[in-house]
Every structure is written in structure tokens, then in C-alpha cells.
Amino acid sequence: MIDAIGLKPLTMLTKPQVTTEVGGTDLAQQFGSFLNTAMSNLSNQEAQVEQLSNQFISGNLADVHQLTIAAEKASLGLELTLQVRNKVIEAYQDVMRMQM
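So for the sequence shown, our numbering puts the first residue at 382; every next one is plus one.
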């Protein structure tokens, strides 16, 4: 059976849990927490792909589509992570170039 594709990171990005009295430290902690969760999810996806690959190599995987779907999900997750990293670095560089 094909698992439903979860959009949890997308909902976290579009609906931040921000109160009216949020400081820079709180935002940094929330963003850090979000990044840690995203990285652990990416690591779990890669571990699942490795497990399915080992099952496929040993001949224990009946449905090759599971491996293909898991590999594609992990690939898209890695690509999203790289794009977020690039945008964060770009924003940091823009802030550092500002003159006061």
C-alpha cells in the first residue's frame, strides 16, 4: 500500500505559532527547533531508503515501487533542505551588507 505523503514541514512554514510578545531569542529558538526537526526527519527518510535498498538487494522486498517512492521523497527532502540553507545564507549576507 502506498503511504500518504505528509506535508508537515509545509504547514509548519505557513502557520507559525507566534504569539504577540515574541522576542528575537524566542524566534531563534523556534527556528532552531524547526531545523532540528527537519534534519531528524530527513535522517529518518534516508535510513528508510537504506533499509529498503538492503531489502531489495537481498531479495526480500516484494514491491520495488516502495523503494522508488522512498528514494524520491528523500531526494526531495534533501533538495528542500539545501534550498532553505541557501536562502538563509543569502538573507544573512544581505543583512551583513547593509550599511548603518
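Quick reminder that beta carbons are idealized off the backbone N, C-alpha and C, glycines included.
Per-residue DSSP class, three states only, for residue i
| i | result |
| --- | --- |
| valine 469 | helix |
| methionine 479 | coil |
| alanine 409 | helix |
| methionine 382 | For methionine 382, the pLDDT reaches just 48, beneath the cut-off of 50, and the residue's location in the model is therefore unreliable, although a value from the coordinates is still provided. DSSP places methionine 382 in coil when its eight states are reduced to three. |
| lysine 440 | First, the residue type needs correcting, since residue 440 is glycine and not lysine in the sequence shown. Correct three-state label for glycine 440: coil. |
| valine 366 | One cannot answer for residue 366 here, as it falls past the ends of the chain, which runs 382 to 481. |
Anticipated Cβ contact below 8 angstroms, residue i with residue j, distance rounded
| i | j | result |
| --- | --- | --- |
| glutamine 410 | glycine 458 | Between glycine 458 and glutamine 410 the Cβ distance is about 23 angstroms, and since that is not below 8 angstroms, they are no contact. |
| alanine 443 | valine 430 | Contact flag wrong, Cβ pair sits at about 17 angstroms. |
| serine 434 | leucine 448 | 6 angstroms |
Contact test: residue i Cβ vs the ligand GDP heavy atom, cutoff 7 angstroms
| i | result |
| --- | --- |
| threonine 449 | In terms of ligand content, the structure shown is empty, and the ligand GDP therefore cannot be addressed. |
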